[in-house]
Structure formats: C-alpha cells, structure tokens
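What follows is a single structure, written as structure tokens, with notes after it.
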Amino acid sequence: MKYEMQEMPKTGDTVVVGMSGGVDSTLTALLLLQRGCKVIGATMSLWDGSLPEIHTGTKTREACFGPGEEENIEECKRFCEAHGIEYHVIDVKETYKNEILEYFKNEYRNGRTPNPCIRCNMLIKFGALLAGIEKLGIKYDYFCTGHYAKIVRPETGVFGSDKRPCMIAGAEDVSKDQTYFLYRVPSETLEKVRFPLAAMKKADVFALAKEAGLEAANREESQDFIGEEYFDVLFADKPSVPGDIIDLDGHVLGKHRGIEHYTVGQRRGLGVAVNYPVYVHSIDAKNNLVVLAPNEALNSNALIADDFVWPAGVEPSEPIDVMVKIRLASKPAAAHIERYTCDAEEAAKYRGQPWKITFAEPQRAVAPGQSAVLYKDGVIVGGGVIYKAFTV
14 MKYEMQEMPK TGDTVVVGMS GGVDSTLTAL LLLQRGCKVI GATMSLWDGS
64 LPEIHTGTKT REACFGPGEE ENIEECKRFC EAHGIEYHVI DVKETYKNEI
114 LEYFKNEYRN GRTPNPCIRC NMLIKFGALL AGIEKLGIKY DYFCTGHYAK
164 IVRPETGVFG SDKRPCMIAG AEDVSKDQTY FLYRVPSETL EKVRFPLAAM
214 KKADVFALAK EAGLEAANRE ESQDFIGEEY FDVLFADKPS VPGDIIDLDG
264 HVLGKHRGIE HYTVGQRRGL GVAVNYPVYV HSIDAKNNLV VLAPNEALNS
314 NALIADDFVW PAGVEPSEPI DVMVKIRLAS KPAAAHIERY TCDAEEAAKY
364 RGQPWKITFA EPQRAVAPGQ SAVLYKDGVI VGGGVIYKAF TV
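Taking our numbering, I'd label the letters of the sequence shown as residues 14 to 405.
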C-alpha cells in the first residue's frame, strides 16, 4: 500500500505544542514559531507530591513522574516568555494517578509487565492534556510534540475498506523511532497531530538547539517513566507477598520478595544460587510463583494478544503477514497474524477479539502485558497487548 505524508503546520496556523522542557519539544516549538505559526505551549502536570522526595546523593535520571516537574515547568515558562509564546500548565494529576500509576501497579501485581508510556500517550498526552486545552476554550489547527514519528495517510482504503485514516509511520532517525509508544493513539486524534521532527536526525536537533542557545540543549537526554529510586515507594501502598522461586520442573530454588519486583527475561537481582545462568521464564500470579529457566527456554514462536486497536477501527478480514515488535528495544520480526478462535469459557478471559501471532523465527522473553505492534511497509497497521506466549 502507498501512503502520503501529511502536511506540516504552515504560516498562520495555530499550533499547540506539548512541552516537557526537553530539547525535542522545545525545538519543535521554536521551529514552528520560525515558520510563522501562532504557537501555544502546554505542559501536563503529573506530580502530586504523594511520594516522598528521595535524595540519593547522585544525579537521578530524568523521569516523567517525579519532583523534578516543577523545574521542568519553570524552564518551559522561561522559554515561552523569551519568545512571546502563550503558555499553559494543564493539571492531569488525578487522571494520571488513576489511569497510569494504578495500572502500572496492578499489572505488576498480576504478574504482567506494563508499558505505562503507551497508555500515557493514549490517555494523557493525547487525551487528558488535549481535553484540558479545549476546556480553556483554546482552538487550534494542530497539536505537535517532539516525538520521532511521521503521520501518513493511505492512498487507498485500509484493509479493503473505504476509510483512509491518519496512521503512524517510522521516523527518519531509526535509532530514535518512537512509533511503538504511539500505536494506541486513536486515528481521529491523529488527524490534528503532527511531529515536526519526523524528518530530522537527533544529532541535527541538538545542533540546532545549541545554535539557538536553548537551555534545553544541556538537558540529560534519557527519560524514564519514574525514577528507579521511587519504585519500591510506589508499591509501598500494599505489603509485598513473598513466595517461591521455582524451575520449570517445580523444584524450589529460593524465595522471591513479591512478584511485582520481577519481569520476564530478568536475570539480575534474582537472589538464587544455581550452577548455570537463569532468567525469569514466567510469573504465576495465581500461585505466587516466579519461574526461572535457562536462556534457551525463554524462546517462543507464537503469542495471543488481545485489547487490539486498528486504524479507524477497521480490522483485517483475512489473515495478514506483518512485521511485529514485542517491545520497544526489539527489532520488527516477520509474523503471520490471524483471528484466534476459542470456546466461550476461554474467550471470557480476553478483552475483545484475540489474535494469534506466529513468528517466522522464535522470539526471546515475550512478556505478557507488553504490546505487540504490527507494521506493514513501515506503517503501524494495528496492535494489541500480549496475553500469553507459547510454541507451536
């Protein structure tokens, strides 16, 4: 299928820019201003002070949820004031707590590996933030962020339909591609979304930011969901339930301190002594067990995923061959996807229609709770949440 790149904002357009204080979003705002757009800056306020400040004595990594938010907002204000940009801080704390933090904890406590960034993009950054902007009565032509991705439209209807929705395609800078995190943003929302850095390399972004003397050019690049030092504090609302660590044959190898502290594929911090390398193979939440296995036992060539989203809600009517990413850091792998049929009792476990994905080559450490994102010709054509992995 052929796609056409969607036009960027032009002179005179009103553009809201989602700003974090980082170099990507700050340069995005500057480039749009230089293009002659009316730029309005907006930052979502997430930090509610519910967790105590932790001072580790060393510089912590940038995090979306943390006490550093106030400093980030002040930096955005300084930039906007210096460039005559209208600026707003949108309070989304309650929604973030209920939809992201609680989801994050519940998934881990159910033996799954959550992806809070994917959920945050769908519900907060491209959801509650925009709702807050509209509540202020602000009308805009486009909403732009510093993500590395493209917005395209198919030249013909998707999956044989007559619908030609906006879709997400990979950025020019493959090393910074962020499409995996964006796959759940609804097609109707994407109609007014643009990513001005889509055709740029990260090195060029830094170069332009430094040339413009942007304060953000000196910021640390990496950004986590939450600082590692806050992980245990976040889960302190309920006591951890220790249990057994076992091997694939059921032999007890040691004790775990609560399944929320483990994820499929993990090797470090297991606290067991065996004479061969072991990794977390799976987590049995029902029986409170962490199962370890040698590396080769972590391979599987199929999975079932549910809670799917499709462009404009159009599902493929026939099985399709696609490239699939099972985590942000994984390379897209060739796979065949088809509707998964099962009896009513099993079907009740899934959210919506489940799909079976069979890989051409085995994949390592497929983690329930993570997303399987489907690509065709470099464009996202759907995706769902991994329910279970197996070998056929």
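Ideal Cβ placement from N, Cα and C applies to all residues, glycine included. In this text the structure is predicted, and so the values were computed from the model without any measurement.
- Message: Does R74 come out as helix, strand or coil in the three-state DSSP assignment?
- Response: The predicted model places R74 with a pLDDT of 49, which falls under 50 and marks its position as unreliable, so this point remains unresolved.
- Sequence-distant residues of its chain with Cβ nearer than 7 angstroms to F248 (five each side left out): Within the same chain, F248 has close Cβ partners K118 and E273.
- Buried or exposed for A141, please, with buried defined as at least 16 other CB atoms from any protein chain shown within 10 angstroms of its CB. By the neighbour-count criterion, in which a residue is buried when 16 or more other Cβ atoms sit within 10 angstroms of its Cβ, A141 is buried.
- Spatial neighbours of S330 in its chain, beta-carbon cut-off 7 angstroms, leaving aside the 5 residues before and after: Contacts found: F172 and G173.
- Task: At 4 residues or longer, and completely inside the stretch 70-136: list those alpha helix (DSSP H) runs for me, N to C.
- Result: Correct list: 82-95, 106-109, 115-122 and 129-133.
- Query: Hey, would you say N312 sits closer than 8 angstroms to G256, going by beta carbons?
  - Reply: Here N312 is not near G256, since their CB atoms are 8 angstroms or more apart.
- Query: Going by alpha carbons, who is nearest to P324 out of E87, K205, P167 and K90?
  - Reply: Closest in alpha carbon position to P324, among E87, K205, P167 and K90, is P167.
- What residue does the alpha helix (DSSP H) around D257 start on, and which one ends it? Counting along the chain, D257 falls outside any alpha helix (DSSP H), though it belongs to the beta strand (DSSP E) covering G256 to D260.
- Task: To the nearest angstrom, report how far apart Q191 and A144 are at their CA atoms.
- Result: If you take the alpha carbons of Q191 and A144, they lie about 23 angstroms apart.
- Message: Closest to G183 by C-alpha separation, out of V198, V165, A385 and R177, would be which residue?
- Response: Ranking the options by Cα distance to G183, first place goes to V165.
- Are the Cβ atoms of P375 and I317 separated by less than 8 angstroms? Result no, Cβ atoms of P375 and I317 do not sit closer than 8 angstroms.
- Query: From S335 to A385, what does the alpha carbon distance come to, in whole angstroms?
  - Reply: Inspection of the sequence shows that residue 335 is occupied by Val rather than by Ser. Taking the straight line from one Cα to the other gives about 11 angstroms.
- Message: Bridge partners for D319 per DSSP, in chain order?
- Response: Partner(s): V398.
- Distance, Cα to Cα, S58 vs I239? Rounded to whole angstroms, S58 to I239 spans 14 angstroms at the Cα level.
- Message: The beta strand (DSSP E) that contains T27, what's its start and end?
- Response: Bounds of the beta strand (DSSP E) holding T27 are T27 to G31.
- Task: Would you list the residues sitting across from D245 in a DSSP beta bridge?
- Result: Checking the DSSP bridge columns, you'll see D245 has no partner listed.
- Query: When DSSP labels each residue in this structure, what does K344 get in the three-state scheme?
  - Reply: Coil.
- C-beta atoms of A212 and F219 nearer than 8 angstroms: It is not a contact, given that the beta carbons lie outside the stated cut-off.
- Query: The beta strand (DSSP E) spanning S58 covers which residue range?
  - Reply: Looking at the DSSP string, the run of the beta strand (DSSP E) that includes S58 is K51 to S58.
- Range of the contiguous beta strand (DSSP E) that encloses D297: First-last of the beta strand (DSSP E) with D297: Y292 to D297.
- Would you report the Cα separation of A298 and G49, rounded to the nearest angstrom? Looking at the two C-alpha atoms, the distance is approximately 55 angstroms.
- Query: Can you round the beta-carbon distance between E99 and I53 to whole angstroms, since I take them to be within the 8 angstroms contact cut?
  - Reply: Under the criterion of beta carbons closer than 8 angstroms, E99 and I53 qualify as touching, at roughly 5 angstroms.
- Task: Kindly confirm or deny that the stretch 256-265 and the stretch 88-107 touch, where touching means at least three C-beta pairs closer than 8 angstroms.
- Result: At 8 angstroms Cβ cutoff, the stretches do not touch.
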